[in-house]
Amino acid sequence: MSTTQQAHLRWDLSKLYWGPDDPQIDTDLARAHQEAEAFRTRYYGKVHTLSTDALREALVAQEAFSDELGKLGGYASLAFSANTQDEAIKSLLARVRVELTELMNAVQFFDLELQSVPDDAYKAYLEAPVLANYHYHLERLKKYAPHTLSEGEERVLAIKDVSGLGAWSQLYTEISAGLKVSLELPDGPREVTVAEARALRSDPDRRVRDAATVGVYKTYAAQSHVLTYIFNTIYEDHRQTLQLRNYDDPMAPTLLDEDLEPEVIEALMSAVESHYPLVQRYYRTKAKVLGISDFGSHDTLAPYSEVERQVPYEEARRIVLDCFASFSPAFSERAKGFFEEAYIDVPPAPGKQSGAFCSGMRPGMHPYVLLNYTNRLDDVMTLAHELGHGVHFMLAGEHQTLANYFPILPLAETASTFAELITVNRLLALETDPLVRRQLLAARIEDAVTTIMRQVMYTRWEQRAHALRAKGVVAPEEYCRLWLEGNQAVYGDAVKRSDWDQWGWITIPHLVQYRFYCYSYAFGQLLVYALYQQYREEGEAFVPKLLDVLSAGGSAPASVILRRVNVDIKDPAFWQKGLALLAGMLEEFEAAV
15 MSTTQQAHLR
25 WDLSKLYWGP
35 DDPQIDTDLA
45 RAHQEAEAFR
55 TRYYGKVHTL
65 STDALREALV
75 AQEAFSDELG
85 KLGGYASLAF
95 SANTQDEAIK
105 SLLARVRVEL
115 TELMNAVQFF
125 DLELQSVPDD
135 AYKAYLEAPV
145 LANYHYHLER
155 LKKYAPHTLS
165 EGEERVLAIK
175 DVSGLGAWSQ
185 LYTEISAGLK
195 VSLELPDGPR
205 EVTVAEARAL
215 RSDPDRRVRD
225 AATVGVYKTY
235 AAQSHVLTYI
245 FNTIYEDHRQ
255 TLQLRNYDDP
265 MAPTLLDEDL
275 EPEVIEALMS
285 AVESHYPLVQ
295 RYYRTKAKVL
305 GISDFGSHDT
315 LAPYSEVERQ
325 VPYEEARRIV
335 LDCFASFSPA
345 FSERAKGFFE
355 EAYIDVPPAP
365 GKQSGAFCSG
375 MRPGMHPYVL
385 LNYTNRLDDV
395 MTLAHELGHG
405 VHFMLAGEHQ
415 TLANYFPILP
425 LAETASTFAE
435 LITVNRLLAL
445 ETDPLVRRQL
455 LAARIEDAVT
465 TIMRQVMYTR
475 WEQRAHALRA
485 KGVVAPEEYC
495 RLWLEGNQAV
505 YGDAVKRSDW
515 DQWGWITIPH
525 LVQYRFYCYS
535 YAFGQLLVYA
545 LYQQYREEGE
555 AFVPKLLDVL
565 SAGGSAPASV
575 ILRRVNVDIK
585 DPAFWQKGLA
595 LLAGMLEEFE
605 AAV
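Mind the numbering: the sequence shown is residues 15 to 607 in my numbering, read in order.
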């Protein structure tokens, strides 16, 4: 993309604030401090005396206060993601984090006092019709009581996290976003961003793929001293938090957040692991089709034709919106706004965070999408994926207040993965070029490998890495060993690995910025396989059911929300159904080639 095109395709954050020096930021922060003090004065020490009507009034006020903080924190985070090297933005982010921590500390007494309300009185809150909108929020809040500390201790932990956990995560992002990858390519040396180097891993020229794959790992490995230190520090912080909060397993806080039983996730991961041979079978087929006898990790993303199909961004926009419209006009209409009102940051840029995400922030605030679009067919699917998230946030925001707005993790990937699937399947239905069809058929499987198989491998690696860290400081070589073991389980001898492949773990931001997030991708993909099969059977009658699930946000447990579409995630056989659909996709691909 030209410089002019890049400028045109950057998002417009002025809808929040015009820049890091916007005086409205100071005004909003000052007002937030006043509101926090007023809230504390009104309710401190009195929560246990509140009637159901008074409690509802307090919860509404708490949501309104949090909404304001969401705008401040959202702007600072988005601005930093788009330019991690800008000193004014970094300064604002640091300041906002400190101030938001102070503000949340000022009002956190409310939840703590609410948790300590006697069970009989709390039951009356849960049964009160006037509090129906907050039923699930109150239910979940009580479950945190055994893991909640005193107000003073909670304040100390929150302050500590600003210069601890949050700072280390930000440092990882700054280092990663600032990396430049030096490549020796057939047409000469080139220096590119990490996002651009990753895009070259699907280049038709095998020499380019090899150089790009090794180049990314080598660039990260050169920073392994500081990056490994970040991993060790964050994982030790998590271990200490587990002890302080009386959790018995590193994954326990995540599962409590998502209201899931460990048995459900273990059944999911075990089912996926038992189907790793599908991955090996696919890549053996790919190696045969491409005529590569020494098929390596740098070949896993190889295209099936010498000339990779390029999809300009405007074409991708049309494709995705048309595919969304074929499913639901309501879906497509909401997605249009992202393009028309500059809520997407499109091109790779120096200092820009790599990868892609959608930030929902708060009800009533339009979501923002970050991409690193490089005109690849995979980028079209990423666009569909992130817009799916965006539509999900919009639907939830239209029907839920802040307490129930954010989709719980198991459902967070539902709309995004469904959006990808309807896009690739519609493209398949319309495509007549056999080479492009073959690429699309392969894309469905490779997406499943990435979203299901690899994400479960990431989660297992994270479990083992935390267990290892609990015994002491972990050398980078040990993290590398765990990574190679995980890759061996997934790929077997179907994919040869170079010495540089062991550094894959250090390039995955999810393993730094979140704890045990990755399983949700596999959860979402297999769930969507089941939902898509239902859509094929029911047709248009299924559409309002899915929109209803998305509109539910986080207003009930995943198991309850999914009953609306006749899904039982507690049935171990459920995961086998999705994996059987994947096996069918592989058979379809094998027949086509």
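We put the beta carbon where it would ideally sit given N, CA and C, even for glycine.
With DSSP collapsed to three states, give me the class of residue 358. Locating residue 358 in the sequence shown gives position 344, where the first residue counts as 1. Correct three-state label for residue 358: strand.
Please name the residue in 506, 564, 251 whose C-alpha comes closest to that of residue 615. A question about residue 615 goes unanswered here, because the residues of the chain that appear run from 15 up to 607.
Straight-line CA distance for residue 298 to residue 508? If you number the sequence shown from 1, residue 298 lands on position 284. If you number the sequence shown from 1, residue 508 lands on position 494. Cα to Cα, residue 298 sits roughly 6 Å from residue 508.
Looking at the unbroken alpha helix (DSSP H) that takes in residue 465, where does it start and where does it end? In the sequence shown, residue 465 corresponds to position 451, counting from 1. Neither: residue 465 is in no alpha helix (DSSP H) and is coded neither H nor E.
Taking a contact to mean a Cβ-Cβ separation below 8 Å, would you say residue 529 touches residue 252 in this structure? The residue given as residue 529 occupies position 515 in the sequence shown. The residue given as residue 252 occupies position 238 in the sequence shown. Yes. Within cutoff.
Is it true that the region 265-283 meets the region 522-541, where meeting means three or more beta-carbon pairs spaced less than 8 Å apart? As far as the Cβ criterion goes, the region 265-283 touches the region 522-541, which means the pair count is three or higher.
Does DSSP put residue 186 in a helix, a strand or coil? The residue given as residue 186 occupies position 172 in the sequence shown. DSSP places residue 186 in helix when its eight states are reduced to three.
Through-space distance from residue 139 to residue 82, alpha-carbon basis: Here residue 82 corresponds to residue number 68 of the sequence shown, with the count starting at 1. Here residue 139 corresponds to residue number 125 of the sequence shown, with the count starting at 1. Cα to Cα, the separation comes out at about 26 Å.
What would DSSP say about residue 390, mapped onto helix, strand or coil? If you number the sequence shown from 1, residue 390 lands on position 376. Note: residue 390 maps to strand in three-state DSSP.
Exposure label - residue 475; buried when at least 16 CB within 10 Å: In the sequence shown, the residue the question calls residue 475 occupies position 461. Under this definition residue 475 is a buried residue.
Tell me which same chain residues have a C-beta within less than 6 Å of the C-beta of residue 193, skipping the five on either side of it? In the sequence shown, the residue the question calls residue 193 occupies position 179. Result list for residue 193: 208, 233, in chain order.
Can you tell me which of 31, 459, 344, 580 puts its alpha carbon nearest to the alpha carbon of residue 548? For the purposes of this step, residue 548 is taken as residue 534 along the sequence shown, with counting starting at 1. Minimum Cα distance to residue 548 is reached at 580.
What residues in its chain sit with their C-beta under 7 Å from that of residue 348, if we drop five residues either side in the sequence? Counted from its first residue, the sequence shown places residue 348 at position 334. Result list for residue 348: 405, 408, in chain order.
What are the boundary residues of the alpha helix (DSSP H) that residue 338 is part of? Residue 338 sits at position 324 when you count from the first residue of the sequence shown. That run of the alpha helix (DSSP H) goes 327-341.
Consult DSSP for residue 352 and reduce its assignment to one of helix, strand or coil. Within the sequence shown, numbered from 1, the residue matching residue 352 stands at position 338. Three-state DSSP puts residue 352 in a helix.
In whole angstroms, give me the CA-to-CA distance for residue 448 and residue 440. In the sequence shown, counting from the first residue as 1, residue 448 sits at position 434. In the sequence shown, counting from the first residue as 1, residue 440 sits at position 426. Taking the straight line joining both Cα atoms gives about 15 Å.
Enumerate in chain order the residues of its own chain whose CB-to-CB distance from residue 317 is below 7 Å, with the five nearest sequence positions on each side excluded. Taking the sequence shown and counting its residues from 1, one reaches residue 317 at position 303. Excluding residues within five positions, the ones whose Cβ falls inside 7 Å are 216, 218, 453.
With DSSP run on the structure shown, which of helix, strand or coil describes residue 383? On the sequence shown, position 369 is the one that residue 383 refers to. Three-state DSSP puts residue 383 in a strand.
Whole angstroms are fine: how far does the CA of residue 165 sit from the CA of residue 122? Position 108 of the sequence shown, counted from the start, is the residue given in the question as residue 122. Position 151 of the sequence shown, counted from the start, is the residue given in the question as residue 165. Distance between the alpha carbons of residue 122 and residue 165 is about 7 Å.
Judging by CA-CA distance, which residue of 420, 168, 41 is the nearest neighbour of residue 258? In the sequence shown, the residue the question calls residue 258 occupies position 244. For residue 258, the nearest C-alpha among the options comes from 168.
Should residue 393 go down as buried or exposed, given a rule of 16 or more other Cβ atoms within 10 Å for buried? Along the sequence shown, one-based indexing puts residue 393 at 379. It is buried - the Cβ of residue 393 has at least 16 other Cβ atoms within 10 Å.
Since residue 373 contacts residue 399 with CB under 8 Å, what's their CB separation in whole angstroms? Residue numbering aside, residue 373 sits at position 359 when the sequence shown is read from its first letter. Residue numbering aside, residue 399 sits at position 385 when the sequence shown is read from its first letter. Contact doesn't hold; Cβ gap of about 14 Å is too wide.
The beta strand (DSSP E) spanning residue 203 covers which residue range? Taking the sequence shown and counting its residues from 1, one reaches residue 203 at position 189. Its beta strand (DSSP E) spans residues 202-207.
Which two residues bound the contiguous beta strand (DSSP E) that contains residue 91? Working through the sequence shown from its first residue, we reach residue 91 at position 77. Residue 91 -> not in any beta strand (DSSP E); alpha helix (DSSP H) instead, spanning 66-96.
What residue ranges within the region 194-275 form continuous alpha helix (DSSP H) runs of no fewer than 4 residues, ordered along the chain? Listed in chain order, the complete alpha helix (DSSP H) runs (minimum 4 residues) inside the region 194-275 are 208-213, 220-235, 238-258, 266-271.
Neighbourhood of residue 605 by C-beta distance below 6 Å, restricted to the same chain and skipping five residues each side: Within the sequence shown, the letter at position 591 stands for residue 605. Excluding residues within five positions, none has a Cβ falling inside 6 Å.
Closest residue to residue 611 among 558, 364, 230 (Cα-Cα distance): Since the first residue of the chain shown is 15 and the last is 607, residue 611 is not available in this structure.
To the nearest angstrom, report how far apart residue 442 and residue 279 are at their CA atoms. The sequence position of residue 442 within the sequence shown is 428, counting from 1. The sequence position of residue 279 within the sequence shown is 265, counting from 1. Approximately 32 Å, taken between the alpha carbons.
Assuming contact is defined by CB atoms lying nearer than 8 Å, are residue 3 and residue 536 in contact in what I supplied? Because residue 3 is not part of the residues shown, which for the chain are 15 to 607, the question remains open.
Does the contact criterion of 3 or more C-beta pairs under 8 Å hold for the region 135-151 versus the region 65-76? yes
Roughly how many angstroms lie between the CA atoms of residue 22 and residue 355, to the nearest whole one? Here residue 22 refers to the residue found at position 8 when the sequence shown is read from its first residue. Here residue 355 refers to the residue found at position 341 when the sequence shown is read from its first residue. For residue 22 and residue 355, the distance between alpha carbons rounds to 12 Å.
Going by C-alpha to C-alpha distance, which of 198, 202, 248 sits closest to residue 228? Your numbering for residue 228 matches position 214 in the sequence shown. Here the closest residue by C-alpha is 198.
Would you mind working out which of 492, 489, 519, 481 sits nearest residue 256, comparing C-alpha positions? By one-based count along the sequence shown, residue 256 stands at place 242. That would be 481, whose Cα lies nearest to the Cα of residue 256.
Range of the contiguous beta strand (DSSP E) that encloses residue 371: Looking up residue 371 in the sequence shown gives position 357. Segment 371-373, the beta strand (DSSP E) holding residue 371.
Can you name, in chain order, every residue of its own chain whose Cβ lies under 6 Å from the Cβ of residue 310, other than the five neighbours on each side? Mapped onto the sequence shown, residue 310 falls at position 296. If we look at residue 310 and ignore the five residues flanking it on each side, its Cβ neighbours are 510.
For the alpha helix (DSSP H) holding residue 497, just list the boundary residues, first then last. Against the sequence shown, residue 497 aligns to sequence position 483. First-last of the alpha helix (DSSP H) with residue 497: 490-505.
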